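What follows is a set of notes on a single structure, which appears directly below.
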Amino acid sequence: MATLTLKRLNDTFTIHSFPANSEIPSEVFKQHMYFIAKTNDEVSVVAPSTLTLLSEDSEPDWQALEVVGPLDFSLTGILSKISTILANKKISIFAISTFDTDYILVKSNKIDSAITALTNNNYQVI
3 MATLTLKRLN
13 DTFTIHSFPA
23 NSEIPSEVFK
33 QHMYFIAKTN
43 DEVSVVAPST
53 LTLLSEDSEP
63 DWQALEVVGP
73 LDFSLTGILS
83 KISTILANKK
93 ISIFAISTFD
103 TDYILVKSNK
113 IDSAITALTN
123 NNYQVI
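Basically the numbering used here = 1-based index in the sequence shown + 2.
Spelled out as structure tokens, the structure:
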């Protein structure tokens, strides 16, 4: 696979957890970027940290790297390779996939180490 480019986003994000039967707070939909996932057990919302939500639990201070896309569905191993590089450096991730691309969220205090690890493994980070 050709070397991929990742773009560091300027925002800092918070990952929120809500009970499964929760309604999404309307202010989430006013954000320029957000992610929502629902399972039988919970609702997760990832939104810029500038938004305060009264969630059941939250994990603040995440930075995002966007895999510059769009990515073809036939491509395999993108997240696997990135997560392996970061895991080998003891850097935890929170991964999000959309129709067009993937996002890798890393705690803010690890973002520089993550970028170094990725660039040392032939990824371009802009």
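Note that the Cβ used here is the ideal one computed from N, Cα and C, for glycine as well. If you're wondering where the values come from, they're calculated on a predicted model, not measured in any experiment.
- Within the region 62-118, complete beta strand (DSSP E) segments of at least 3 residues are found at 96-99 and 104-109, given in chain order.
- A straight line joining the alpha-carbon of S24 with that of V45 spans about 7 Å.
- With contacts defined by Cβ atoms closer than 7 Å, Y36 and A49 form a contacting pair.
- Pairing Y125 with L8, the inter-Cα distance amounts to about 7 Å.
- If you look at H18, you'll find it in the beta strand (DSSP E) that goes T7 to P21.
- A residue is called buried once 16 or more other Cβ atoms fall within 10 Å of its Cβ, and S57 is buried on that count.
- In the three-state scheme derived from DSSP, where H, G and I count as helix and E and B as strand, S60 is classed as strand.
- About 27 Å separates the CB atoms of I84 and L53; that is not less than 8 Å, and the two are not in contact.
- Cβ-Cβ distances below 7 Å link I87 to A119, L120 and N123 in the same chain, with the five nearest sequence neighbours on each side left out; the list follows chain order.
- Secondary-structure assignment with DSSP links V30 through no beta bridge to anything.
- Annotated as distal: L6 and A66, with beta-carbon spacing of 7 Å or more.
- The C-alpha of L107 lies about 18 Å from the C-alpha of V30.
- Taking all protein chains shown into account, H18 has 16 or more neighbouring C-beta atoms within 10 Å of its C-beta and is therefore buried.
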